[in-house]
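Protein chains in written order, with this note's numbering: chain V, 211 to 384; chain P, -9 to 619; chain L, 159 to 260.
The C-beta atom is built at its ideal place from N, Cα and C for all residues, glycine as well.
Keep in mind the model is a prediction, meaning the values are calculated, not measured.
First the structure, in the form of structure tokens, and then the observations on it.
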């Protein structure tokens, strides 16, 4: 069992799932399907986090990201009533010319990044040692207190802005 | 005395400024009082100064008004100032300019009385006098050039006085452009003189030039040649003469003042003033003589074929200035200037009388439509005839004295010679011929003019004419003044004697003098026969001969056409070919380039967010690439 | 116990990032663009967590939390804008937003 599912294998598997799901998100036409693929991607990434010794982050990823933010997306889709296919404004799969330049650019970027990453012969490796949530909390309310406060400002601003922008849709005001 | 000299050019200037500012708010009486009064002041002052300077022990009077500029000669600073100097030459000139100017202003005040732009006219006339006075009073070449340009400007303004008619504006422009060519040449000469000698003040030029250059010096040759170019333009000699006949488009007082008495003599004055340079360049003096002689003959021939009264007088002016140039070319400086003075008298008289006659005949200028005016307009005819007599140089008149003076110097001059004497005699013959033709056509014979005569009845105008007539007749008494040299410096006199009186080897024939006196009479006799039909009464109307020769002559021996083909047409062709302007396109290259880059970059500013995101990534990859390399 | 070399984690993060980028550039529907933006943000989070693990410090997770916060606020505002867009043009095509004035 253990040999079959060693931690590194698990990691690679989860990574592969995440990448595949992301690809499906990008290439999907159906809105809801794309969203669900995104959820899958996020869950796979949460697994990666757990394997990288960050359970707290994994939990947050699932609860906040996949659970709150993507649900917002779901609400939005529900409000717009976007049907299954919005092919009128989505690119057709066969339009290679349309995808060519961005893919090329992305490829160039990707190759460069790989090159930069593998430039140094570093022996650094991720370990499975968990970093306890307690430590995270201590850091949050210690040195990073200011950052937390600023983050709360940001959320407040987002709240107000969201409320303000969306108001007219319901109320008929400006 | 020097205070009076300082005030001399400024009185007409003040008058000009008053008239220009007040323009139409002035009544005729007041305006003419100001302008003519200023000229009266000038005349009185000029005569007083002249009397002082021209006396036996007279010294030149100098006054410096202010420092104008300082020119860097490399070794030192040459000061150029607004300084006025009156020596014998300048004394003669200011008397002529002021005196004749005053009489013409007086005439013009009555002649132009009904013109609606009267004040502007008198203002321009005054401005002209200011410029001319600066020209002759200048003690350095730069101030002279200022006056030179000033008279050119005023000539333009006055020829094109009735500018609403396009023909007049064209004539003014033609005069300005052609004299401009001469002015440029003169400026080049001035600059060459400055760079070689480093002096621009006349007295210092004289001494510096005599010390540093010998006869036949190359720089002297070029400077003299370039100055000659300027003189030719202003004095309407060959080849820059085509503007003078057309300049008759201006009012008659303008023709009298500018194109008979003063401006066209500026060239003569210039050469007389810079005689030291000319004497060191004998080839140029020879050229001056040739210029004068050819113009003399050409203008005489052309005058024989003209039908317009004023054009005949214009060509006559051209011809007489040719005489002056001939005199200068032969080294007879005083003789040339004396002829300048007498010519001013009778030519102004002729023009003003012509003006009265034309006015009387309701602006009819064709001589073939005039006739028998001796009976109809006795006073004007009589005065005109007096002018003609002086022009033809019958014995006793001022014209006679000055012409004899010139002829006397021609035979023995080293830069002229017997040939030129004969050319001058032929010129005198031609003068007699066209004058008689004019006389017969206008005054004798039957009156070909229909309608009422419209006399100019003002006494002021008549007074001016009488004065001029008197001067023309008795002006010869001053010839003794001109036996003395005009410019007084010692070195100049020595140079003069060494060069010009050297050629005493040629024998002067005894019949020279007699033939010279007899020539006008011979000319009158020939004309009596040749133009017989003009002086008799005829039943049918008289028309001019119109064969090819006459038409060719009437067009100024084809010079206008020559310039049209030689200069005008190629220039217009080139201008048309260059209508997109090569140099402009070169400069526009920069703007075209920037527009091109704009068009290249513009699509990137399309507002599309996806495009912007792609550009972010592009920039990022470029940056990383740069960092890697 | 070592699992994965850091370079692999980072390459994984890059891959996710690039995929998200392609999606942002290519898709015209604003909703899809937002989704792909989420992928990109997520990828960045992976990189941070990985780095934090390698150096055994909690700072990586802190950073991830902040990014999460950012993503939340951004989605909130973004979706509100999406609502206005739908209301205005009845069409979520991002190219409608290419001019300052409509």
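Interface residues of the stretch 178 to 201 of chain L facing chain P [CB-CB below 7 Å]:
179, 182 and 183
Residue 537 of chain P classed as buried or exposed, judged by whether at least 16 other C-beta atoms fall within 10 angstroms:
exposed
Which of helix, strand or coil DSSP assigns to residue 337 of chain V
strand
Residue 250 of chain L by DSSP, collapsed to three states: which one?
coil
Neighbourhood of residue -8 of chain P by C-beta distance below 8 Å, restricted to the same chain and skipping five residues each side:
51, 52 and 53
Quick one: what's residue 128 of chain P bridged to in DSSP?
P:74
By alpha-carbon positions, which one of P:147, P:133, P:18 and P:186 ends up nearest to residue 100 of chain P?
P:18
Name the residue from P:519, P:128, P:63 and P:64 whose alpha carbon lies nearest to the alpha carbon of residue 74 of chain P.
P:128
Does the stretch 23 to 34 of chain P come within contact of the stretch 56 to 67 of chain P, defined as at least 3 CB pairs closer than 8 Å?
no
Own chain partners of residue 169 of chain P with C-beta closer than 8 Å, once the 5 adjacent residues on each side are dropped:
142, 145, 223, 224, 230 and 233
In the DSSP assignment, the beta strand (DSSP E) including residue 160 of chain L goes from what residue to what residue?
160 to 163
Just the Cα atoms here: how many angstroms apart are residue 235 of chain V and residue 582 of chain P?
47 Å
Please list the residues of the stretch 336 to 356 of chain V that have a C-beta atom closer than 7 Å to any C-beta atom in chain L, keeping them in chain order.
336, 337, 338, 339, 341, 345, 346, 349, 350 and 354
Rounded C-alpha distance that separates residue 201 of chain P from residue 194 of chain P
11 Å
Does the count of Cβ pairs from the stretch 112 to 129 of chain P and the stretch 5 to 22 of chain P closer than 8 Å reach three?
yes
Could you tell me which residues DSSP puts in a beta bridge with residue 57 of chain P?
P:71
From which residue to which residue does the alpha helix (DSSP H) around residue 206 of chain L run?
188 to 212
Give the straight-line distance between the Cα atoms of residue -6 of chain P and residue 126 of chain P, rounded to the nearest whole angstrom.
16 Å
Leaving aside the five residues before and after residue 687 of chain P along the sequence, list all residues of the same chain whose C-beta is less than 7 Å from its C-beta, in chain order.
The displayed coordinates of chain P run from -9 to 619. Any statement about residue 687 of chain P would go beyond what the structure contains.
Residue 5 of chain P versus residue 89 of chain P - alpha carbon distance
17 Å
Within-8 Å CB hit, residue 211 of chain V to chain L
Unreliable positioning characterises residue 211 of chain V in this predicted model, as indicated by a pLDDT of 48, which lies under 50. The coordinate reading is nonetheless provided below. No, its Cβ sits nowhere closer than 8 Å to a Cβ of chain L.
Run through DSSP, which three-state label would residue 191 of chain P get?
strand
What's the call for residue 285 of chain V, buried or exposed, on a 16-neighbour Cβ count within 10 Å?
exposed
Please list, in chain order, the chain L residues whose beta carbon lies closer than 8 Å to that of residue 269 of chain V.
Here the premise fails: no neighbours, minimum Cβ distance about 11 Å.
At a Cβ threshold of 8 Å, is residue 330 of chain V touching chain P?
no
Compare the C-alpha of residue 412 of chain P against each of P:214, P:397 and P:425 and name the closest.
P:397
Cutoff 8 Å: residue 314 of chain V Cβ touching any chain P Cβ
no
Own chain residues within Cβ distance below 7 Å of residue 383 of chain V, not counting five before or after
Because the pLDDT at residue 383 of chain V is just 46, under 50, the model does not fix this residue reliably, and the value given afterwards should be weighed accordingly. Same-chain partners within the cutoff: 377.
How far does the alpha helix (DSSP H) with residue 263 of chain P in it reach, from first residue to last?
256 to 263
Closer than 9 Å by beta-carbon distance: list the chain C residues that pair up with residue 318 of chain V, in chain order.
No chain C appears in the structure shown, which is made up of the protein chains V, P and L.
Report the neighbours of residue 246 of chain L on chain V: residues whose CB is nearer than 8 Å to its CB, in chain order.
Under the 8 Å cutoff, chain V gives no residues; its nearest Cβ is about 10 Å from residue 246 of chain L.
Any chance the stretch 241 to 256 of chain L sits against the stretch 223 to 233 of chain L, with 3 or more Cβ pairs inside 8 Å?
no
What residue ranges within the stretch 208 to 270 of chain P form continuous alpha helix (DSSP H) runs of no fewer than 4 residues, ordered along the chain?
208 to 225, 233 to 236, 242 to 246, 256 to 263 and 265 to 269
Does the CB of residue 275 of chain V have a neighbour CB from chain L at under 8 Å?
yes
Do the stretch 305 to 319 of chain P and the stretch 361 to 374 of chain P meet, that is, are 3 or more Cβ pairs less than 8 Å apart?
no
Mapping the DSSP letters down to three states, classify residue 52 of chain P as helix, strand or coil.
strand
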